[in-house]
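Numbering (our numbering), first residue to last: 1293 to 1829. Backbone N, C-alpha and C define an ideal beta-carbon position, used for all residues, glycine too. Just so it is clear, the structure is predicted and the values come from calculations on it, not from any experiment.
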């Protein structure tokens, strides 16, 4: 990703070109194979004028259309729905806590080609058939009319095979059916092609949800307010077993080319911020895949448990504490030192039995929080996770102000602090020393006494891993890197490095020499360029 073109401000961006929409397969092939006409104009609007990027996007869409033709034939009318991968420069693990996020959509996509059919069956084929086998399902069989209208009960009681790629296709369709219980949704014949790196923290899975959502709403004549689409897709994705927020979906839906999307939820607010010229964002894939979703669900539950305990212990401000982001002097009327003092009420670690004992009046809520994950052997890391959430919410809000003022060096320092809240190891060429992020009573007393800024506290969310820490330390050691750290859920995936434009080659060489080559891995770097958000092409 690079800064805006000289003289082009986000407020002056050309008006959105109308979508091409539903066309015959033959028409799509002709338009995508031609370097002139509506398809080229549309792609230029979506991705800019870089010819290499345009060529790669055109080839990906052609691959999806050709996969459709091989499977379903040429005599069909189809839409082409795309959803880009996303990067989050600052604001990890807090979309569901009401914190700000700093997103951009990038030039890697999932492209879905779809045609309506005569029944309620959804048939899906992937261009990468060896990894993602063909599948089909009946909407009415999976979600009978009698079971519609209570999504949480349905997904909690349904036996869903984890790790199946088709779950991300099913999720938005079934949630649409759940919300429109008296309308029998139409089936679709679908072909998918994509090049968002898988399990890399760039939200390849959510691109399937969003691209399917846009195709399904089109064919069924369903209109959902634009401001509500991200939360709709986020709720739909709970079908796959995760209990995350809607930030990734919002990034895909609302991002604009040549800008960062500064957003938060409860309620949804968005703002386009400039990305300073002279800098690039490089994604460095660790090639380590995510841990099972139970770990991520555990951390989300820990946030909730910590907030319940804080509200119980601070009745005078309990009504003000709706989200972790509300633990600020501005919202509570408390000093920074007072907020650190409040954390004394939180245990460093706690078992489920201890949590139930502390919160006897919240039995049903705790049962719901505990159900999507196994009990952690070492207990819930309540104090350090809550401190991470408070600090990250403060960092991401402050980061937006730094971007407005063009202070990318200050923003990069916040990026480093953010990663330290996830860090598991301090690494060098030859050593990896474990890090303990627990916040003991002595550490808390020091914070209470000195009252440093909330944004300066990394806390301990603990969702990095040795490989991510090594990549981060290599990137941060490169002259010209202003800040690097993990993106996405963590426990694998990518590190994002913000670098001066003239240092990109130096950084790529460093991570290849010090990370990829010693492990026998291919180059996993991607110099990101921004794109428009998701929709029909």
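In chain order, what residues of the same chain have a beta carbon less than 7 Å from the beta carbon of residue i, not counting five sequence neighbours either side?
{"i": "residue 1732", "result": "1640"}
{"i": "residue 1465", "result": "1414, 1431, 1477, 1504, 1508"}
{"i": "residue 1737", "result": "none"}
{"i": "residue 1804", "result": "1815"}
{"i": "residue 1823", "result": "1338, 1339, 1376, 1397, 1398, 1399, 1549"}
{"i": "residue 1565", "result": "1551, 1552, 1554, 1692, 1695, 1696"}
{"i": "residue 1320", "result": "1357, 1370, 1372"}
Closer than 8 Å by C-beta to residue i: which residues in its own chain qualify, once you throw out the five before and the five after it? Chain order, please.
{"i": "residue 1830", "result": "Residue 1830 cannot be examined here, being either before or after the span of the chain that is shown, 1293 to 1829."}
{"i": "residue 1410", "result": "1479"}
{"i": "residue 1334", "result": "1309, 1311, 1312, 1829"}
{"i": "residue 1638", "result": "1598, 1601, 1602, 1674, 1675, 1678"}
{"i": "residue 1583", "result": "1783, 1784"}
{"i": "residue 1467", "result": "1443, 1524, 1527, 1528, 1531"}
{"i": "residue 1809", "result": "none"}
{"i": "residue 1667", "result": "1643, 1644"}
{"i": "residue 1571", "result": "1294, 1295, 1700, 1774, 1790, 1791, 1792, 1793"}
Would you mind stating whether residue i and residue j have Cβ atoms separated by less than 7 Å?
{"i": "residue 1540", "j": "residue 1495", "result": "yes"}
{"i": "residue 1537", "j": "residue 1387", "result": "yes"}
{"i": "residue 1371", "j": "residue 1331", "result": "no"}
{"i": "residue 1392", "j": "residue 1688", "result": "yes"}
{"i": "residue 1575", "j": "residue 1820", "result": "yes"}
{"i": "residue 1763", "j": "residue 1683", "result": "no"}
{"i": "residue 1355", "j": "residue 1324", "result": "no"}
{"i": "residue 1711", "j": "residue 1788", "result": "no"}
{"i": "residue 1398", "j": "residue 1383", "result": "no"}
{"i": "residue 1619", "j": "residue 1631", "result": "yes"}
{"i": "residue 1665", "j": "residue 1581", "result": "no"}
{"i": "residue 1609", "j": "residue 1633", "result": "no"}
With DSSP collapsed to three states, give me the class of residue i.
{"i": "residue 1765", "result": "helix"}
{"i": "residue 1252", "result": "Outside the displayed range of the chain (1293 to 1829) lies residue 1252, so it cannot be described from this structure."}
{"i": "residue 1789", "result": "strand"}
{"i": "residue 1463", "result": "helix"}
{"i": "residue 1572", "result": "strand"}
{"i": "residue 1348", "result": "helix"}
{"i": "residue 1826", "result": "coil"}
{"i": "residue 1678", "result": "helix"}
{"i": "residue 1512", "result": "helix"}
{"i": "residue 1414", "result": "strand"}
{"i": "residue 1579", "result": "coil"}
{"i": "residue 1370", "result": "strand"}
{"i": "residue 1561", "result": "strand"}
{"i": "residue 1341", "result": "coil"}
{"i": "residue 1419", "result": "coil"}
{"i": "residue 1252", "result": "Missing from the structure shown is residue 1252; the chain here goes from 1293 to 1829 and no further."}
{"i": "residue 1428", "result": "strand"}
Enumerate in chain order the residues of its own chain whose CB-to-CB distance from residue i is below 6 Å, with the five nearest sequence positions on each side excluded.
{"i": "residue 1373", "result": "1404, 1503, 1506, 1507, 1828"}
{"i": "residue 1446", "result": "1439"}
{"i": "residue 1364", "result": "1481"}
{"i": "residue 1486", "result": "1402"}
{"i": "residue 1297", "result": "In this prediction, residue 1297 has a pLDDT of 36, which is less than 50 and means its spatial position is unreliable; nothing more can be read from the coordinates."}
{"i": "residue 1360", "result": "1405, 1483"}
{"i": "residue 1563", "result": "1554"}
{"i": "residue 1299", "result": "In this predicted model, residue 1299 has a pLDDT of only 29, less than 50, meaning its place in the structure is not dependable enough to derive any value."}
{"i": "residue 1642", "result": "1671, 1672, 1674"}
{"i": "residue 1278", "result": "For the chain, the structure presents residues 1293 to 1829; residue 1278 sits outside this window and is missing."}
{"i": "residue 1592", "result": "1535"}
{"i": "residue 1800", "result": "1817"}
Going by DSSP, what residue range makes up the beta strand (DSSP E) through residue i?
{"i": "residue 1776", "result": "1773 to 1778"}
{"i": "residue 1396", "result": "1393 to 1408"}
{"i": "residue 1725", "result": "1724 to 1726"}
{"i": "residue 1453", "result": "Unbroken run through residue 1453: none, as it is neither H nor E."}
Nearest chain B C-beta to residue i closer than 7 Å, yes or no?
{"i": "residue 1806", "result": "Any reference to chain B falls outside this structure, which holds one protein chain only."}
What are the boundary residues of the alpha helix (DSSP H) that includes residue i?
{"i": "residue 1525", "result": "1518 to 1529"}
{"i": "residue 1434", "result": "1431 to 1434"}
{"i": "residue 1630", "result": "1628 to 1634"}
{"i": "residue 1818", "result": "Looking at the DSSP string, residue 1818 is not in any alpha helix (DSSP H); the run it does join, the beta strand (DSSP E), is 1817 to 1819."}
{"i": "residue 1554", "result": "Not the alpha helix (DSSP H): residue 1554 falls in the beta strand (DSSP E), residues 1552 to 1556."}
{"i": "residue 1540", "result": "1539 to 1546"}
{"i": "residue 1661", "result": "1655 to 1662"}
{"i": "residue 1708", "result": "1700 to 1712"}
{"i": "residue 1739", "result": "1733 to 1742"}
{"i": "residue 1720", "result": "Looking at the DSSP string, residue 1720 is not in any alpha helix (DSSP H), and its letter there is neither H nor E."}
{"i": "residue 1488", "result": "Where residue 1488 is concerned, there is no enclosing alpha helix (DSSP H), given that its DSSP letter is neither H nor E."}
{"i": "residue 1384", "result": "Note, residue 1384: premise wrong, no alpha helix (DSSP H); not H, not E."}
{"i": "residue 1444", "result": "1443 to 1449"}
Segment contact, 8 Å Cβ cut-off, at least three pairs: the region 1772 to 1782 with the region 1693 to 1708:
Touching, yes.
So, do the region 1326 to 1344 and the region 1782 to 1799 have three or more beta carbon pairs nearer to each other than 8 Å?
Judged by Cβ distances under 8 Å, the region 1326 to 1344 makes no contact with the region 1782 to 1799, as fewer than three pairs qualify.
Is the region 1593 to 1611 touching the region 1654 to 1670, taking contact as three or more C-beta pairs under 8 Å?
Yes, they touch.
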